[in-house]
Amino acid sequence: MDHDELLRIADAERAKAKPNEIRCCTSSGCRASGSADVLKQLKASVAANGLNDTLTAVGVGCPGLCSAGPVVMSHPDGGMFGKVTAEQAKGIVAALSGGATDAQRIDPNQPFFRKQFRVVRATAGQIDPERIESYIAVGGYEGLYQALQKRPDEIVTDVTASGLRGRGGAGYPTGLKWATVEKMPPGQKYVICNGDEGDPGAFMDRSVMEDAPHQVLEGMAIAAYAVGANQGFIYVRAEYPLAIERLQAAITQATKAGLLGANIFQTPFEFKVEIRIGAGAFVCGEETALIASVQGLRGTPRPRPPYPAESGLWDRPTLINNVETFATIPAISRNGAAWFAAIGTDRSKGTKIFSLTGKVKNAGLVEVPMGTTLRAVVEELGGGTADGKAVKAVQTGGPSGGCIPASLLDTPIDYESLGKIGSIMGSGGMIVMDDTDRMPEVARFFMEFCADESCGKCVPCRVGTVQLHGLLTKLVERKATRHDLDTLVELCQLVRDTSLCGLGQSAPNPVLSTIRYFAAEYEALLQPEEFARPPRASVIPLSVV
Amino acid sequence: MAVVTLTIDGKPVSARAGESVLAAAAEAGIRIPTLCHLDGVSEAAACRLCLVQVEGRGRLQAACVTAAAEGMVVRTQTDTLREYRKMILELLFAEGNHVCAVCVANGNCELQAAAADLGMDHVRYPYLNPVRPVDVSHAQYAVDHNRCILCTRCVRTCDEIEGAHTWDVAGRGTLSHLIADMGQPWGESATCTSCGKCVQSCPTGALFRQGSTVAEMTKDREKLGDLVLARREKKWTV
Ligand SMILES: Cc1cc2nc3c(=O)[nH]c(=O)nc-3n(C[C@H](O)[C@H](O)[C@H](O)COP(=O)(O)O)c2cc1C
Ligand code: SF4
Ligand code: SF4
Ligand code: SF4
Ligand code: FES
Ligand code: FES
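Sequence lines, in order, name chains A and B.
For what it's worth, the UniProt record's numbering labels the leading residue of the first sequence as 1, then goes sequentially.
For what it's worth, the UniProt record's numbering labels the leading residue of the second sequence as 1, then goes sequentially.
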């Protein structure tokens, strides 16, 4: 593969395109509501109406409005239909030539679409994620070509200048991480893409892997060249079969095309990628546990330092980044660091994808520039709550994050601002709540998750989360006293300050943030001290032997 | 050999480069409580009892895995640390089933000793009272899972000193438990050499010699460290 060949593939693909396209979302959300049948019917109707010369029906990635799936779009006129059934396919095809359709129309100019700014998801909903030609036709692998024209350290400098920060949760500066791995002495190094995505309610990384698998590979290849690695791994949970299928297909296609493997773009650069399938443990998203898991060991974190950048997979220097982080790289390589750094805020650059869920009208995936307010995302893009009730709070960051009350919705979304109000950016889960949601119960839900997902290695997290869950249960069952509430807060501090890894350290966040903003809800559940003593019999369960 | 100087609890202390804060403190006669640390095997940093405050670092640091560094200022005894250590011990006592009065290790148990040393006089959390088995299938030894605190000292000892890797941990969260080989009874383990090193390494009464009765199970933990040293230095007599 050389650059001319890349351009030839792009030209050929564009030349092949029919004047009109009817695009059907085939990603997980729509697939679950039957989009495979819809696409089949669309293709059949195009053929039946003799439109094969002017119109093609293609499967594309997720356009984002998953709550309206299956979603069908017509191109280039911008028509959009939601909740499409297989029976409606014929009508949609007919509508393109002036016929009638009873399919429900979606306004493509509504704020949900108009107010997004797509960098990572730029091609989602427009190209066929299962064909490399489709990606190349929209500039795919051009970023890798450009990168290979530079020295590795120049790329690291670019990434640093772009201001990109890790999208896996903590927001660690990506350029700094790359520089550390790059500066390690030459020899075997690895690149790992973290696609574990264990937060309940989060599906940004799934969509990126499903909709733009080649973009992830391209980002990883650029990273590998920059840090001097020749082997990459993508760690995906087994619950993401479509992501695994598409990534595998993408690896096969890219290898065949010579975009992975040896002598990429006729340079000495060599890079192979393999997929590792995880068994779906939240803690395996933590980088050291993930590395253990890739090595075939029990997925438990180990103390850092040494950081993976210094000693990771098989004790070799390892660059580990999140899916979205890698998927941002090709655009930075193509458009330059300054272009990226101009998007977002002073310290949080670029865009961020959120999976908007909960009591929100437009649930789905949104990508917005950093610094957009929570209110804009929830009220304008999200359209407020589904039944018009007032928004009570927004939960960001999943089990490691916090609940932000409606009064703080004008907070801009950036790492520092969210941290200041007791939550985190996290990986991009955003759950909207209304006044039917009771905060102590929300806190209990996340604590149950953390207790279940604790790897069991360190004492404060293994036992502390179970005790915290017990205290929260006692509270929501109206059996707790002020003394229990004090114990709850004390124990939250212990688990936060003494746990070994981020899971335990952040597990108390949902409790502490809801106590901070919704103390009255906790107070209202408290019982006076003298009524709270449980009857003797329940103290010692009968199952004790 | 590079040497660094640091301050621990106000006392100037010297340490070999790369040595842990725990080791440096021990040499200077400053005791930091530990449970999962064992001389001679790798660190797990799992019990969190050895947490200390290091000036300039936001988070508490586990002394067993924190390298001593030049100019470091460490505090091992603060009100917060004392309270946290006590809470961690309480969590452990609430997690398993510890009835010291009838335990083989009574009086020789590191968990019990830590509780006494740190003034843990009550447990503020409800006892979880798990139902856990006792495995007496081995001809010489036994494991009482009720007293296991999952410190993994036995796992590391068996793997790193004996080289058998009979023990490992299965399950997650509070369901984590020790397993022999692929989860069979210890007596049926194909890899166990019956060397008894795990029994010596165990801080509690979880691993013991069969036939021991209350308070009889004393352990010789120094032997493990000595063994490792002797192998490394190839010196077998003192
Ligand atoms: C309990 C826990 C779970 C995590 N899960 C994920 C995950 O699913 N995906 C991810 O990219 N990072 C996850 N992380 C963060 C990773 O440890 C790591 O920081 C990240 O992959 C680095 O990539 P980035 O710099 O691109 O953000 C998790 C961290 C913790 C403590
Ligand atoms: S904090 Fe929890 S998940 Fe992390 S090492 Fe400790 S027990 Fe395991
Ligand atoms: S193992 Fe230690 S703490 Fe537990 S019952 Fe035995 S002596 Fe007591
Ligand atoms: S059996 Fe003993 S040494 Fe092994 S994990 Fe349990 S308490 Fe630790
Ligand atoms: S999966 Fe089809 S719109 Fe999101
Ligand atoms: S001795 Fe350091 S964490 Fe257990």
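We put the beta carbon where it would ideally sit given N, CA and C, even for glycine.
**Item:** Paired residues, beta bridge with A:C193 - DSSP
**Value:** As a position in the first sequence, residue 193 of chain A is number 193, starting the count at 1. The partner list for A:C193 (beta bridge, DSSP) reads A:I234, A:N321.
**Asked** Quick one: what's got a C-beta closer than 8 Å to residue 547 of chain A's C-beta in the same chain, skipping five residues either side?
**Response** A query on residue 547 of chain A cannot be resolved here, the shown segment of chain A reaching from 1 to 545 and no further.
**Asked** chain C partners of A:C458, CB-CB under 8 Å?
**Response** Chain labels in this structure do not include chain C; the protein chains are A and B.
**Request:** Taking C-beta pairs closer than 7 Å, name the residues in chain A that B:E95 reaches, listed in chain order.
**Result:** Residue 95 of chain B sits at position 95 when you count from the first residue of the second sequence. What B:E95 touches in chain A, judged by beta-carbon distance under 7 Å, is V463, going in chain order.
**Message:** Can you pull the chain A neighbours of B:M87, defined as C-beta to C-beta under 9 Å?
**Reply:** Here residue 87 of chain B refers to the residue found at position 87 of the second sequence. What B:M87 touches in chain A: P460, G464, E490, L491, L494, T498.
**Message:** Using a Cβ-Cβ distance cut-off of 7 Å, determine whether A:A451 contacts chain B.
**Reply:** Within the first sequence, the letter at position 451 stands for residue 451 of chain A. Chain B, which has a Cβ nearer than 7 Å to the Cβ of A:A451, makes this yes.
**Request:** Report back the beta-carbon spacing between A:A363 and A:C62 to the nearest angstrom; my notes put them in contact at under 8 Å.
**Result:** The residue labelled residue 363 of chain A in the question sits at position 363 within the first sequence. The residue labelled residue 62 of chain A in the question sits at position 62 within the first sequence. Going by Cβ atoms, the distance from A:A363 to A:C62 rounds to 12 Å, so no, they are not a contact pair.
**Prompt:** What's the C-alpha gap between A:V544 and B:G96?
**Reply:** Your numbering for residue 544 of chain A matches position 544 in the first sequence. Your numbering for residue 96 of chain B matches position 96 in the second sequence. Because A:V544 carries a pLDDT of 34, less than 50, the predicted location of this residue cannot be relied on, and no value is offered for it.
**Request:** Pull every residue with its beta-carbon under 6 Å away from any heavy atom of ligand 2, and keep them in chain order.
**Result:** Every residue whose Cβ sits closer than 6 Å to any heavy atom of ligand 2 is listed here in chain order: A:V283, A:T300, A:P301, A:S454, A:C455, A:G456, A:K457, A:C458, A:C461, A:R462, A:S499, A:L500, A:C501, A:L503, A:G504.
**Message:** For the pair the stretch 140–154 of chain A and the stretch 216–235 of chain A, tell me if three or more CB-CB distances fall below 8 Å.
**Reply:** Three or more pairs of CB atoms, one per stretch, sit closer than 8 Å, so the stretch 140–154 of chain A contacts the stretch 216–235 of chain A.
**Message:** Given a cut-off of 7 Å on the beta-carbon distance, is the pair A:G358 and A:V432 in contact?
**Reply:** Indexing the first sequence from 1 puts residue 358 of chain A at position 358. Indexing the first sequence from 1 puts residue 432 of chain A at position 432. A Cβ-Cβ contact shorter than 7 Å links A:G358 with A:V432.
**Request:** Have a look at A:S454 and A:C284 and give me their C-alpha separation to the nearest angstrom.
**Result:** As a position in the first sequence, residue 454 of chain A is number 454, starting the count at 1. As a position in the first sequence, residue 284 of chain A is number 284, starting the count at 1. Computed Cα separation, rounded: 10 Å.
**Request:** Would you list, in sequence order, the uninterrupted alpha helix (DSSP H) runs of no fewer than 4 residues that lie entirely inside the UniProt domain "4Fe-4S His(Cys)3-ligated-type" (80–119) of chain B?
**Result:** Runs of the alpha helix (DSSP H) inside the UniProt domain "4Fe-4S His(Cys)3-ligated-type" (80–119) of chain B: 110–117.
**Asked** Would the C-beta of A:V71 count as close to ligand 7, meaning under 6 Å from any of its heavy atoms?
**Response** You won't find ligand 7 in this model; what it holds is ligand 1, ligand 2, ligand 3, ligand 4, ligand 5 and ligand 6.
**Message:** Just checking A:H3 against ligand 6 - is the residue's beta carbon closer than 6 Å to any of the ligand's heavy atoms?
**Reply:** Within the first sequence, residue 3 of chain A is the residue found at index 3, counting from 1. Not a single heavy atom of ligand 6 lies less than 6 Å from the C-beta of A:H3.
**Request:** Within its chain, find whatever has a CB closer than 8 Å to the CB of A:L313; leave out the 5 residues flanking it on each side and keep chain order.
**Result:** Reading the first sequence from its first residue, position 313 is the one you call residue 313 of chain A. Excluding sequence neighbours, A:L313 sits near Y190, I192, F233, I291, V294, Q295.
**Request:** State yes or no: is the beta carbon of B:L118 nearer than 7 Å to at least one beta carbon in chain A?
**Result:** Here residue 118 of chain B refers to the residue found at position 118 of the second sequence. Interface residue (Cβ-Cβ distance to chain A less than 7 Å): B:L118 is not classified as such.
**Request:** Taking only runs that begin and end inside the stretch 142–214 of chain B, name each unbroken alpha helix (DSSP H) of 4 or more residues, in chain order.
**Result:** Entirely contained in the stretch 142–214 of chain B, the alpha helix (DSSP H) runs reaching 4 residues are, in chain order, 153–157, 197–201.
**Item:** Contained alpha helix (DSSP H) runs [length at least 4] in the stretch 252–311 of chain A, N- to C-terminal order
**Value:** Taking only runs of at least 4 residues, the alpha helix (DSSP H) segments lying wholly in the stretch 252–311 of chain A are 287–294.
**Prompt:** Does any heavy atom of ligand 6 sit closer than 6 Å to the C-beta of B:R48?
**Reply:** Counting from 1 along the second sequence, the entry for residue 48 of chain B is found at position 48. Yes - ligand 6 has a heavy atom lying nearer than 6 Å to the Cβ of B:R48.
**Prompt:** In terms of DSSP beta bridges, what is A:M433 paired with?
**Reply:** The sequence position of residue 433 of chain A within the first sequence is 433, counting from 1. Partner residues in the beta bridge of A:M433, as assigned by DSSP, are A:A393.
**Message:** For chain A, check one thing: does any of its Cβ atoms lie closer than 7 Å to the Cβ of B:T191?
**Reply:** Residue mapping note: residue 191 of chain B aligns to position 191 of the second sequence, counting from 1. So, not an interface residue.
**Request:** Give the range of the beta strand (DSSP E) segment to which A:T481 is assigned.
**Result:** Within the first sequence, numbered from 1, the residue matching residue 481 of chain A stands at position 481. Premise fails: A:T481 is in no beta strand (DSSP E) and is neither H nor E.
**Closer than 7 Å to chain B by CB, A:Q248** = Start at 1 with the first residue of the first sequence, and residue 248 of chain A comes out as number 248. No, A:Q248 does not count as interfacial toward chain B.
**Prompt:** In whole angstroms, what separates the C-alpha of A:R375 from that of A:H75?
**Reply:** For the purposes of this step, residue 375 of chain A is taken as the residue at position 375 of the first sequence. For the purposes of this step, residue 75 of chain A is taken as the residue at position 75 of the first sequence. In a straight line, the C-alpha of A:R375 is about 31 Å away from that of A:H75.
**Asked** With respect to 6 Å, is the separation between the Cβ of A:A68 and the closest non-hydrogen atom of ligand 4 below this value?
**Response** The residue given as residue 68 of chain A occupies position 68 in the first sequence. Result no, Cβ not under 6 Å from ligand 4.
**Item:** Bridge partners - A:E367, DSSP secondary structure assignment
**Value:** The residue labelled residue 367 of chain A in the question sits at position 367 within the first sequence. Bridge partners of A:E367: A:I353.
**Item:** Pair within 7 Å by beta-carbon distance, B:A180 and B:T166
**Value:** For the purposes of this step, residue 180 of chain B is identified with residue 180 of the second sequence, where counting begins at 1. For the purposes of this step, residue 166 of chain B is identified with residue 166 of the second sequence, where counting begins at 1. Remark: C-beta atoms of B:A180 and B:T166 approach each other more closely than 7 Å.
**Asked** In whole angstroms, what is the alpha-carbon distance linking A:G397 and A:G125?
**Response** Reading the first sequence from its first residue, position 397 is the one you call residue 397 of chain A. Reading the first sequence from its first residue, position 125 is the one you call residue 125 of chain A. Inter-residue distance for A:G397 and A:G125 is about 26 Å (C-alpha atoms, whole angstroms).
**Cutoff 7 Å; reference A:S35; Cβ partners in own chain excluding five residues on either side** = As a first step, residue 35 of chain A is located in the first sequence; it is residue number 35 there, counting from the start. Counting only Cβ-Cβ distances below 7 Å, and skipping sequence neighbours, we find C24, C25, T26, G69, P70.
**7 Å Cβ cutoff, A:S454 in contact with chain B** = For the purposes of this step, residue 454 of chain A is taken as the residue at position 454 of the first sequence. True, the Cβ-Cβ gap to chain B drops below 7 Å.
**Asked** Contact between the stretch 85–100 of chain A and the stretch 49–61 of chain A: three or more CB pairs below 8 Å?
**Response** Inter-segment contact for the stretch 85–100 of chain A and the stretch 49–61 of chain A is present: three or more beta-carbon pairs are separated by less than 8 Å.
**A:G82 CB to nearest heavy atom of ligand 5 below 6 Å** = Walking along the first sequence from the start, residue 82 of chain A turns up at place 82. No, ligand 5 has no heavy atom inside 6 Å of this Cβ.
**Message:** Tell me the DSSP secondary structure of A:C30 in three-state form.
**Reply:** Taking the first sequence and counting its residues from 1, the one referred to as residue 30 of chain A is at position 30. Helix, per DSSP.
**Prompt:** Does A:R536 come within less than 7 Å of chain B when only Cβ atoms are used?
**Reply:** Against the first sequence, residue 536 of chain A aligns to sequence position 536. Its pLDDT being 46, under 50, A:R536 is placed unreliably by the model, and the measurement read from it follows with that caveat. No, A:R536 does not count as interfacial toward chain B.
**Asked** For B:N129, which three-state DSSP category applies?
**Response** On the second sequence, position 129 is the one that residue 129 of chain B refers to. Coil, per DSSP.
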